[in-house]
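To start, the structure itself, in structure tokens.
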Amino acid sequence: MGSPIRPGVRVLDRLMKSVPSMSVAKMSVEQLQRAQVTAIPEGGPATLFLGRPRKGVEIRSDVLQARHGDLPVRIYTPQAWSREPRPVVVNFHGGGFALGSARQCDWICSIVAADVDAVVVSVDYRLAPAHKFPAAVEDCYDALLWTAAHAAELGADAARLGVMGDSAGGNLAAVVSIMARDELGPAIAHQALVYPVTDMSETGREDASYLDNVLGIVLSNDDIEVFRDYYLTEDADRLDYRLSPIHAADLSRLPPAVVVVAGLDPLHDSGIRYAQALADAGNVVRVEDFHQMPHGFLSFPYFAHAARPAMAAIVASQRAALRAPSPAITR
Numbered sequence: 001m002g003s004p005i006r007p008g009v010r011v012l013d014r015l016m017k018s019v020p021s022m023s024v025a026k027m028s029v030e031q032l033q034r035a036q037v038t039a040i041p042e043g044g045p046a047t048l049f050l051g052r053p054r055k056g057v058e059i060r061s062d063v064l065q066a067r068h069g070d071l072p073v074r075i076y077t078p079q080a081w082s083r084e085p086r087p088v089v090v091n092f093h094g095g096g097f098a099l100g101s102a103r104q105c106d107w108i109c110s111i112v113a114a115d116v117d118a119v120v121v122s123v124d125y126r127l128a129p130a131h132k133f134p135a136a137v138e139d140c141y142d143a144l145l146w147t148a149a150h151a152a153e154l155g156a157d158a159a160r161l162g163v164m165g166d167s168a169g170g171n172l173a174a175v176v177s178i179m180a181r182d183e184l185g186p187a188i189a190h191q192a193l194v195y196p197v198t199d200m201s202e203t204g205r206e207d208a209s210y211l212d213n214v215l216g217i218v219l220s221n222d223d224i225e226v227f228r229d230y231y232l233t234e235d236a237d238r239l240d241y242r243l244s245p246i247h248a249a250d251l252s253r254l255p256p257a258v259v260v261v262a263g264l265d266p267l268h269d270s271g272i273r274y275a276q277a278l279a280d281a282g283n284v285v286r287v288e289d290f291h292q293m294p295h296g297f298l299s300f301p302y303f304a305h306a307a308r309p310a311m312a313a314i315v316a317s318q319r320a321a322l323r324a325p326s327p328a329i330t331r
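Oh and the sequence shown: position 173 is 173 in full-length UniProt numbering, straight run, nothing missing.
Quick look at the structure:
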């Protein structure tokens, strides 16, 4: 889209392209399966790539019961004492519905926990192609229901409930927001959608950002098509709002949203279109557009100079909607 590439992003691009397994389009199914079961180690070199978790936040793993069985989650809780229950945010990681884990979101989730003074529940939903649509949607909605039902046990307030997600996770956050409204589920007070997947129909392939994405930094058009093939069943309706929330019949009465998009991302324009659709339906929406950034830039805070400003924008929007106490009372 004509935006210059910053030095850190150039380094990231070289690193990503130097490792064929970093591109799902270049992976065999066997390589994908190995990547899915390979856990990101705590600490060490991984934090230099993905970012160090914020100090003062306790991180623990748990397992909740979903409709399909055990569903792992990662829970982030500020260590500071608070006199009242905190907001709670449910997070859905990115990875094209076929890769990724809650662990990769430690930097993002710990910042939200610390700076919003919130409890964050990050979900390890089932991955494609072994678990195709709507498995991820079901897991994420079940996690939302569990979090609302167990908010008090988490030291949180179910009345101040938010969702967030990046890429595929942004799709899932948008989808569960619509589901919660339609199914009279938990009242969601805020949605943070970070370079979200909003349109899996043919319309998405007509966006200028999709057609102009020749650089393929982090996410190429080929990657997008492979991810879709892994996630979708042969008979899937790509206009189903659970796949393409922009095609929902009704987008009114949804939570206030912050939509973060990246100028070097093939999904840039579909994210803008979804934000506009939300606004046209009467919702409160703020767009944060980082023109010099590629898809996924929040996952690489030491390479992407805009990662911290983007997180600051997300936190500010969450604080405004979730009415977190400021400052937290500590002792």
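All C-beta atoms, glycine included, are put in the ideal place defined by N, C-alpha and C.
As the structure is a computational prediction, the values presented were derived from the model and not from experiment.
Item	Value
With a Cβ-Cβ cutoff of 8 Å, do Val63 and Ala143 count as a contact?	no
Any idea if Pro255 is buried or exposed, counting beta-carbon neighbours within 10 angstroms, 16 or more meaning buried?	buried
With a cut-off of 8 Å, do at least 3 Cβ pairs link the region 308-316 to the region 229-239?	no
What does the alpha-carbon distance come out to for the pair Ala46 and Gln276?	36 Å
If contact is defined by three or more beta carbon pairs under 8 Å, each pair taking one atom from either stretch, is the region 64-84 in contact with the region 122-137?	yes
Taking buried to mean at least 16 other C-beta atoms within 10 Å of its own C-beta, is Gly162 buried or exposed?	buried
Quick one: measure Cβ to Cβ for Gln79 and Val57, integer angstroms, because I've assumed they're closer than 8 Å.	7 Å
Tell me the DSSP bridge mates of Val57?	Pro78
Please state whether the Cβ-Cβ distance between Asp115 and Arg86 is less than 8 Å.	no
So, under 8 Å CB-CB, residue 374 and Tyr231 are touching, yes? Tell me the CB distance rounded to an integer number of Å.	There is no way to answer for residue 374, as the model of the chain reaches only from 1 to 331.
Between the Cα of Trp81 and the Cα atoms of Phe297, Gly155, Ala307, which residue gives the shortest distance?	Gly155
Are Leu172 and Val137 touching if we call contact CB-CB under 8 Å?	yes
Write down the C-beta distance between Val194 and Val260 rounded to the nearest angstrom, noting that I regard them as a contact closer than 8 Å.	5 Å
Could you give the first and the last residue of the continuous beta strand (DSSP E) run that contains His268?	Segment 268-280 is the alpha helix (DSSP H) holding His268; no beta strand (DSSP E) there.
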